[in-house]
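Trainee: Those sequence lines, one after another, are chains A and B. The numbering of the first sequence is my numbering, which starts it at 1 and goes up by one. The numbering of the second sequence is my numbering, which starts it at 1001 and goes up by one. First the structure, then my questions, so here it is.
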Amino acid sequence: MEYKKTDRSALQTRKKKKAVKGNYQEAVTVKRILIAVAILFLFFMLVLPLILIITEALKKGLSTYISAVTEEYTVKALKLTLMATFTAVISNTIFGLIAAWCITKFKFKGRQLLTTFIDLPFSISPVIAGLIFVLTYGRNGLFYGFLQRVDMKIVFALPGIFLATIFVTFPFVAREIIPLMEAQGNDEEVAAASMGAKGFTIFLRITLPNIKWGLLYGIILCTARAMGEFGAVSVVSGHIRGKTNTLPLHIEILYSEYQFMAAFAVSSVLVILAVILLILRNLVEWRAKKNR
Amino acid sequence: MTRKTSVIPGFKITLGITIAYLSIIILIPLSTIFFKTAGMGVKEFLAAAFDRRVLHAYGVSFFCAFTAALINVIFGVIIAWVIVRYEFPFKRLIDGMIDLPFALPTSVAGIALTTLFSENGWLGSILLKVGIKGSYTLLGITIALVFIGIPFVTRSVQPVLEELDKGVEEASLMLGASGFQKFRKVILPELLSPVLTGFSLAFARGIGEYGSVVFISGNKPMKTEIAPLLIMSKLEQFDYEGATAIAIVMLLVSFLMLLFMNLIRIKTNRFLKA
């Protein structure tokens, strides 16, 4: 009797072991398949387009590439793109900090509504973002009479491009730092304020060091999106070469004129900028994790 | 607006600046769409917003965005899973690459994908051999939207997978659950909410996307024309009413969709907690 019992239990453990081993082997196969699927998908969707841009750009040799990249209109477009990016990043960073302070340091009615409004540009098509500025400041627009009187042009001019870029990248910084400041709470700030510190000192000495990585992360995302904005800027720009043409718009013009090599050469400049931003993004994320 | 008294200074000024900036950049410009629509006659509006060609363009936009978002859910979950759970070479590189579609300007992505999937392109010529056309078809539009949407699902799912308690999974395996059962009963319920978030973000972005699609779609009326492109071409003809009518329909649909997704998320969360 005794003997049989142990025999049975031994059999059971053997069965269990077999099952576990089977599970393990199944897991290894599944793992290999999943990794292969992920890598293949990313290779075809992400890596191949990048390789294509570089090969197309260098198709006619390095010297043609350099002359395409240093062509007058390309350089002017690059300057405008950098200007628009700079304006959008600066104003949205300052706004993001102010809005985050207001939303996380105080409890008031309408807080949720404010956060929803800040997120609004995420769910609006870039083309519609451009459209609303045409409707506001363009001919027949809300402020057209006033703009005429002060002799100012917004649509089909630089201010329109800046406004559209700001609109599209509006939420990025605020979105990154609001949850961060919310999570950190207000204890340190309250202590500092009770001891008589001024608002700006509290911000510089206490809040900023706590959120600096998140802030940097938001700024990088904002820069990336501002640099590449196409739809919204396309609506308000008017496409005047050398004046209101940003780099992404310049690429479209080159491409539609069948200057494929030049289009890809200019694209490669933006690819390089994008890759630099991605590397920065990863560095910041890594630092932020390390600091935590 | 009322608040509890706080010792931290700067409430009034930060609130004032926030509301002012928000109004100038977002609320006032956005309200012009509603003013413009209100100024139109009902007949005029209906004719502009629901013309046959416009209806077809909505269809193309929604269908392709929906399909692309679904494809992204499948691959996005797989990619997030692989990055969080497994060790393999170049994992860090792949993790860093996921955000490329976000950092790459849409017009650059557009011309690259169009060339890649055109009849003489590297992938387009292969597809053509099995009788499928890539660029200038609905498939091309969907491919562009898949490209744009990759980061949304992966980045929504990834943090949730990282937080997931491995103990529960191990327990389920110990109790004799198969790998698939474990996935279905233990992991899937947790993933539902982030997957929905990622799906709705990718879908919303896909409906409105212009830059990457406009090159690859070919823009044939009643075939591969998308709604944002119609807004663009109406604007080029200075038909502001027509453009606004389409815009307001798109805005309403995407808000309704976001609302719907949020409701589902709240429902499922409650269901899980109960």
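Ideal placement from N, C-alpha and C gives every residue a C-beta, glycine not left out. All of these numbers come straight from a predicted model, not from anything done at the bench.
Using a Cβ-Cβ cut-off of less than 7 angstroms, list which residues of the stretch 60-72 of chain A approach chain B; keep chain order.
Mentor: none
Trainee: Going by beta carbon distance, what residues of the same chain come within less than 7 angstroms of Thr136 of chain A, once the five residues before and after it are set aside?
Mentor: To locate residue 136 of chain A, count along the first sequence from 1; it is residue 136. Correct list, in chain order: Leu142 and Phe143.
Trainee: Quick check: what's the CA-CA separation for Asp119 of chain A versus Pro171 of chain A?
Mentor: Here residue 119 of chain A corresponds to residue number 119 of the first sequence, with the count starting at 1. Here residue 171 of chain A corresponds to residue number 171 of the first sequence, with the count starting at 1. Using only the alpha carbons, I get a separation of about 6 angstroms.
Trainee: Can you give me the start and stop residues for the alpha helix (DSSP H) that Glu1169 of chain B sits inside?
Mentor: Here residue 1169 of chain B refers to the residue found at position 169 of the second sequence. Segment Lys1166 to Met1174, the alpha helix (DSSP H) holding Glu1169 of chain B.
Trainee: Would you check if the distance between the CB atom of Gly1149 of chain B and the CB atom of Gly1218 of chain B is smaller than 8 angstroms?
Mentor: Working through the second sequence from its first residue, we reach residue 1149 of chain B at position 149. Working through the second sequence from its first residue, we reach residue 1218 of chain B at position 218. Not closer than 8 angstroms, so no.
Trainee: Measuring only between beta-carbons, confirm whether Lys1185 of chain B sits less than 8 angstroms from chain A.
Mentor: Taking the first residue of the second sequence as 1, we reach residue 1185 of chain B at position 185. No, because no Cβ of chain A sits closer than 8 angstroms to the Cβ of Lys1185 of chain B.
Trainee: Compare the C-beta of Leu277 of chain A against all C-beta atoms of chain B and say whether one is closer than 8 angstroms.
Mentor: Counted from its first residue, the first sequence places residue 277 of chain A at position 277. Yes - at least one Cβ of chain B is within 8 angstroms of the one on Leu277 of chain A.
Trainee: Taking 8 angstroms as the CB-CB limit, is Phe1066 of chain B close to chain A?
Mentor: The residue given as residue 1066 of chain B occupies position 66 in the second sequence. Not closer than 8 angstroms to any Cβ of chain A, the Cβ of Phe1066 of chain B fails to qualify, so no.
Trainee: Opposite Phe1117 of chain B in the DSSP bridges: which residues?
Mentor: Counted from its first residue, the second sequence places residue 1117 of chain B at position 117. For Phe1117 of chain B, which the question treats as bridged, DSSP gives no partner whatsoever.
Trainee: Between the stretch 1078-1087 of chain B and the stretch 1214-1233 of chain B, do at least 3 Cβ pairs fall closer than 8 angstroms?
Mentor: no
Trainee: Within the 8 angstroms Cβ cut-off, does Ile166 of chain A reach chain B?
Mentor: The residue given as residue 166 of chain A occupies position 166 in the first sequence. So, interface residue.
Trainee: Just to make sure I have the definition right: I need the residues of chain B whose C-beta is within less than 8 angstroms of the C-beta of Met227 of chain A. Which are they?
Mentor: The residue given as residue 227 of chain A occupies position 227 in the first sequence. Under the 8 angstroms cutoff, chain B gives Pro1105.
Trainee: Beta-carbon within less than 7 angstroms of Phe260 of chain A's beta-carbon, same chain only, minus the 5 sequence neighbours each way: which residues are those?
Mentor: In the first sequence, counting from the first residue as 1, residue 260 of chain A sits at position 260. Glu56.
Trainee: Buried or exposed: Arg175 of chain A, going by 16 or more other Cβ atoms within 10 Å of its Cβ?
Mentor: Numbered from its first residue, the first sequence carries residue 175 of chain A at position 175. Classification of Arg175 of chain A: buried, given that the 10 Å Cβ count is 16 or more.
Trainee: When you compare the CB of Lys105 of chain A with every CB in chain C, is at least one pair closer than 8 angstroms?
Mentor: No chain C is present in this structure, whose protein chains are A and B.
Trainee: DSSP three-state call for Phe108 of chain A: helix, strand or coil?
Mentor: As a working mapping, residue 108 of chain A is identified with position 108 in the first sequence. Strand at Phe108 of chain A.
Trainee: Taking the straight line between their C-alpha atoms, what separation do you get for Pro1089 of chain B and Leu50 of chain A?
Mentor: Translated into positions along the second sequence, residue 1089 of chain B becomes position 89. Translated into positions along the first sequence, residue 50 of chain A becomes position 50. Cα to Cα, the separation comes out at about 20 angstroms.
Trainee: Under a three-way DSSP split, which group does Ala1274 of chain B fall into?
Mentor: Walking along the second sequence from the start, residue 1274 of chain B turns up at place 274. Note that Ala1274 of chain B has pLDDT 41, beneath the 50 cutoff, so the model's placement of it is unreliable and the number below is only indicative. If DSSP states are grouped into helix, strand and coil, Ala1274 of chain B belongs with coil.
Trainee: Using only CA atoms, which one of A:Ile202, A:Thr165 and A:Leu277 lies nearest to Ala191 of chain A?
Mentor: The residue you call residue 191 of chain A lines up with position 191 of the first sequence. The option with the nearest alpha carbon to Ala191 of chain A is A:Ile202.
Trainee: Is there contact between the stretch 238-246 of chain A and the stretch 1116-1132 of chain B, where contact requires at least three CB pairs shorter than 8 angstroms?
Mentor: no
Trainee: With 8 angstroms set as the bound, which would you pick, yes or no: does the beta-carbon of Leu1022 of chain B sit closer than that to a beta-carbon of chain A?
Mentor: One-based indexing of the second sequence puts residue 1022 of chain B at position 22. Yes, Leu1022 of chain B counts as interfacial toward chain A.
Trainee: How about Thr1171 of chain B: is its C-beta nearer than 8 angstroms to some C-beta of chain A?
Mentor: Taking the second sequence and counting its residues from 1, one reaches residue 1171 of chain B at position 171. Thr is not the amino acid found at residue 1171 of chain B; the sequence shown has Ala there. It does not; no Cβ of chain A falls within 8 angstroms.
Trainee: Taking the C-alpha atoms as reference points, what is the distance between Pro1221 of chain B and Leu1055 of chain B?
Mentor: As a position in the second sequence, residue 1221 of chain B is number 221, starting the count at 1. As a position in the second sequence, residue 1055 of chain B is number 55, starting the count at 1. Cα-Cα distance, rounded: 11 angstroms.
Trainee: For a contact defined as C-beta to C-beta under 7 angstroms, what are the partners of Asp1051 of chain B on chain A?
Mentor: Here the question's residue 1051 of chain B lines up with position 51 in the second sequence. The premise fails here: Asp1051 of chain B is roughly 18 angstroms from chain A at the closest Cβ pair, so nothing lies under 7 angstroms.
Trainee: For a contact meaning CB atoms closer than 7 angstroms, what does Gly1281 of chain B contact in chain A?
Mentor: Residue 1281 of chain B lies beyond the range of chain B shown here (1001 to 1274); nothing can be said about it.
Trainee: Quick one: what's got a C-beta closer than 8 angstroms to Leu1191 of chain B's C-beta in the same chain, skipping five residues either side?
Mentor: Position 191 of the second sequence, counting from 1, holds the residue named residue 1191 of chain B. These residues qualify, in order along the chain: Val1077, Val1157, Val1160 and Leu1161.
Trainee: What residue range is occupied by the uninterrupted alpha helix (DSSP H) comprising Lys153 of chain A?
Mentor: To locate residue 153 of chain A, count along the first sequence from 1; it is residue 153. Counting along the chain, Lys153 of chain A falls outside any alpha helix (DSSP H), and DSSP gives it neither H nor E.
Trainee: Please name the residues in the stretch 231-263 of chain A whose beta-carbon is closer than 7 angstroms to at least one beta-carbon of chain B, in chain order.
Mentor: Gly231, Val235, Pro248, Ile251, Glu252, Tyr255 and Ala263
Trainee: Which of helix, strand or coil does DSSP assign to Val1146 of chain B?
Mentor: Here residue 1146 of chain B corresponds to residue number 146 of the second sequence, with the count starting at 1. DSSP places Val1146 of chain B in helix when its eight states are reduced to three.
Trainee: Figure out for me which residue from B:Ile1074, B:Lys1129 and B:Ser1023 has the closest Cα to the Cα of Phe117 of chain A.
Mentor: Locating residue 117 of chain A in the first sequence gives position 117, counting from the first residue. Comparing alpha carbon positions, the residue from B:Ile1074, B:Lys1129 and B:Ser1023 closest to Phe117 of chain A is B:Ser1023.
Trainee: Does the beta carbon of Tyr1086 of chain B sit closer than 8 angstroms to a beta carbon anywhere in chain A?
Mentor: Numbered from its first residue, the second sequence carries residue 1086 of chain B at position 86. It does; some Cβ of chain A falls within 8 angstroms.
Trainee: From B:Lys1043, B:Thr1197, B:Ala1049 and B:Val1195, pick the residue whose C-alpha is nearest to that of Ile1248 of chain B; which is it?
Mentor: One-based indexing of the second sequence puts residue 1248 of chain B at position 248. Nearest C-alpha to Ile1248 of chain B: B:Ala1049.
Trainee: So, is Met152 of chain A buried or exposed, given that buried needs 16 or more other C-beta atoms within 10 angstroms?
Mentor: The residue you call residue 152 of chain A lines up with position 152 of the first sequence. The residue in question, Met152 of chain A, is exposed, as its Cβ has fewer than 16 Cβ neighbours within 10 Å.
Trainee: Whose CA, out of A:Gly96, A:Ser125 and A:Leu131, lies closest to the CA of Leu114 of chain A?
Mentor: Looking up residue 114 of chain A in the first sequence gives position 114. The residue with the shortest Cα to Cα distance from Leu114 of chain A is A:Gly96.
Trainee: From which residue to which residue does the alpha helix (DSSP H) around Ala1177 of chain B run?
Mentor: Within the second sequence, residue 1177 of chain B is the residue found at index 177, counting from 1. That residue, Ala1177 of chain B, is in no alpha helix (DSSP H); it is neither H nor E in DSSP.
Trainee: Check whether the Cβ atoms of Phe1152 of chain B and Ala1112 of chain B lie closer than 8 angstroms to each other.
Mentor: The sequence position of residue 1152 of chain B within the second sequence is 152, counting from 1. The sequence position of residue 1112 of chain B within the second sequence is 112, counting from 1. The answer is no: Cβ separation not under 8 angstroms.
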